[in-house]
Amino acid sequence: MKVLARQLFKTVIFSVILSIAVNSIYYALTQKGADYSIALPKICEGIVLLNIIVFIMSLPSLFLVNPAYWNNLPVRLPLYFGGAIAFIVTIFTMQLPPQYKVIYLITGFVFLTVHSVFYYLKVKKG
894 MKVLARQLFK TVIFSVILSI AVNSIYYALT QKGADYSIAL PKICEGIVLL NIIVFIMSLP
954 SLFLVNPAYW NNLPVRLPLY FGGAIAFIVT IFTMQLPPQY KVIYLITGFV FLTVHSVFYY
1014 LKVKKG
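This note's numbering runs 893 ahead of the 1-based position in the sequence shown.
This is the structure we're talking about:
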């Protein structure tokens, strides 16, 4: 349990940092000449909240401490990746302004990428 919980916590931390960086770059490219000192705290707050949502949606991955679930690949993949994928699918289906949709999708894909890296490391380790 400790390994998966620690791994999920690291995923959230790295995802928040990378999401803030990527979304800040996106903001700087799309809003040339805008006041970045006002936008940065709002970007950080929004990204942290979005990552908390994806984190909560990814909590079913903690069920994988049960060896029966971990050893069954058709159960393992949906439990591990289902939360982040459900978040991304939800963003595609929601009626949001395009600028919000891009920020939400960047955050979701960054979380999924970081989560995938930790999955690869866990599977490789055995």
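We treat Cβ as the ideally placed atom computed from N, Cα and C, and that holds for glycine.
Nothing here was measured: the structure is a model prediction, and the numbers come from that model.
ask   = Which residues in the same chain as L955 place their Cβ atom closer than 8 angstroms to its Cβ, once the five residues preceding and following it in sequence are excluded?
value = M894, L897, A898 and L901
task = Report the option in S912, K1018 and F985 whose CA atom is closest to the CA atom of I945.
result = S912
message = If contacts are defined as beta-carbon pairs under 8 angstroms, then V905 and F948 qualify, I think. What distance do you get, rounded to the angstrom?
response = 5 angstroms
query = Whose CA, out of V995, A977, Y993 and T986, lies closest to the CA of V1007?
reply = A977
Backbone CA spacing between K903 and Q924 [nearest angstrom] = C-alpha separation (whole angstroms): 31 angstroms.
message = If contact is defined by three or more beta carbon pairs under 8 angstroms, each pair taking one atom from either stretch, is the stretch 924 to 943 in contact with the stretch 990 to 1003?
response = yes
task = Grab the span of the alpha helix (DSSP H) containing G926 for me, first residue to last.
result = Careful: G926 lies outside any alpha helix (DSSP H) and carries neither H nor E.
ask   = How many whole angstroms separate the CB atoms of L957 and Y973, which I take to be in contact at a CB cut-off of 8 angstroms?
value = 6 angstroms
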